[in-house]
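So for the sequence shown, this note's numbering puts the first residue at 99; every next one is plus one.
Each residue gets a CB set at the ideal place from its N, CA and C atoms; glycine is no exception.
All remarks here apply to the structure that follows.
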Amino acid sequence: MVQAWWNDIVRWFTSATGQSVFLNAILPVLAILAAAIIATLIARGSIKRLIAQQDREQKASAIATLIASGRRAATWSTLSAAEKDHVDHQISEAEVRIRLLPAAGASLAADWAAHQLASMKTNSVNYSFQADQGLSDLEDGLIAWHAKPSRARKLFAQDLASWKYEAATSPDDLTTKQTAWNANHPVDEQPTTVLPTA
Numbered sequence: 099m100v101q102a103w104w105n106d107i108v109r110w111f112t113s114a115t116g117q118s119v120f121l122n123a124i125l126p127v128l129a130i131l132a133a134a135i136i137a138t139l140i141a142r143g144s145i146k147r148l149i150a151q152q153d154r155e156q157k158a159s160a161i162a163t164l165i166a167s168g169r170r171a172a173t174w175s176t177l178s179a180a181e182k183d184h185v186d187h188q189i190s191e192a193e194v195r196i197r198l199l200p201a202a203g204a205s206l207a208a209d210w211a212a213h214q215l216a217s218m219k220t221n222s223v224n225y226s227f228q229a230d231q232g233l234s235d236l237e238d239g240l241i242a243w244h245a246k247p248s249r250a251r252k253l254f255a256q257d258l259a260s261w262k263y264e265a266a267t268s269p270d271d272l273t274t275k276q277t278a279w280n281a282n283h284p285v286d287e288q289p290t291t292v293l294p295t296a
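Right, here's the structure in full:
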């Protein structure tokens, strides 16, 4: 029975009507389907490349903004109040843009950059070399993250962990001030006499 059906199908395809149906209906439909599949694959690849390019451009723009803000933070002590507000606004905006990027370690990079910028602001008052070194570290770290996100992400995590450890082990500012005050003002060690009340 199956062989009879097969023979009927073969006879139909080899007949004039079978050839006509195959060439005029089946073959064009198969060609259209193949073309649609190929076009879909090409469009999908193009869209992926376009999205990746836009992500790279956004990442580069956010990094450039952080580096420009870092240059201003290196001279923080010489800025006017309005300039400081503007730089703080740039830093916070660039930090948010970094956090929103769909890249590996974006949040770590933003935290790391925020810590670097804060230390640069602090060091800009007395230690210009340290502020310049911080700017160099900021530039190198962010450019390395742009080039190889997973590798830089590990370095950022290590730096953040070491800074967290240093902050936990450093003495509290108030404790240091109290100790210094106690050293300058010794307590009298005379016994106090208490008089009984009648």
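Nearest to residue i by CA position, among the options, is which residue?
i	options	result
residue 164	175, 232, 117	232
residue 172	120, 99, 217	217
residue 157	182, 220, 240, 143	240
residue 209	255, 160, 147	255
residue 247	203, 149, 113	203
residue 223	170, 144, 137	170
residue 160	249, 193, 147, 142	193
residue 258	213, 181, 102, 108	213
When the Cα atoms are used, what is the spatial distance from residue i to residue j?
i	j	result
residue 117	residue 111	6 angstroms
residue 135	residue 129	10 angstroms
residue 122	residue 131	15 angstroms
residue 242	residue 251	9 angstroms
residue 183	residue 205	23 angstroms
residue 115	residue 144	43 angstroms
residue 133	residue 234	53 angstroms
residue 139	residue 245	28 angstroms
residue 127	residue 99	30 angstroms
residue 151	residue 119	47 angstroms
residue 281	residue 188	44 angstroms
residue 147	residue 237	27 angstroms
residue 162	residue 262	26 angstroms
residue 181	residue 227	22 angstroms
residue 191	residue 211	12 angstroms
residue 77	residue 141	Nothing about residue 77 can be read from this structure; the chain reaches only from 99 to 296.
residue 219	residue 155	28 angstroms
residue 102	residue 109	10 angstroms
residue 125	residue 105	21 angstroms
residue 260	residue 253	11 angstroms
Quick check on the DSSP output: the alpha helix (DSSP H) that includes residue i runs from which residue to which?
i	result
residue 124	Here residue 124 belongs to no alpha helix (DSSP H), and DSSP marks it neither H nor E.
residue 176	Taken as a continuous stretch (DSSP letters only), residue 176 belongs to no alpha helix (DSSP H), as it is neither H nor E.
residue 222	Residue 222 -> no alpha helix (DSSP H), and no H or E assigned at all.
residue 102	100-112
Pop quiz: residue i and residue j are said to be a contact at Cβ under 8 angstroms. What is the actual Cβ separation, rounded to whole angstroms?
i	j	result
residue 196	residue 179	About 26 angstroms separates the two Cβ atoms, so there is no contact after all.
residue 200	residue 153	6 angstroms
residue 185	residue 198	About 21 angstroms separates the two Cβ atoms, so there is no contact after all.
residue 215	residue 167	7 angstroms
Kindly examine the ligand SAH and report whether one of its heavy atoms sits closer than 7 angstroms to the Cβ of residue i.
i	result
residue 232	The ligand content of the structure shown is nil, which means the ligand SAH is not present either.
Task: Whole alpha helix (DSSP H) elements within the stretch 179-218, 4-residue minimum - done: 179-197
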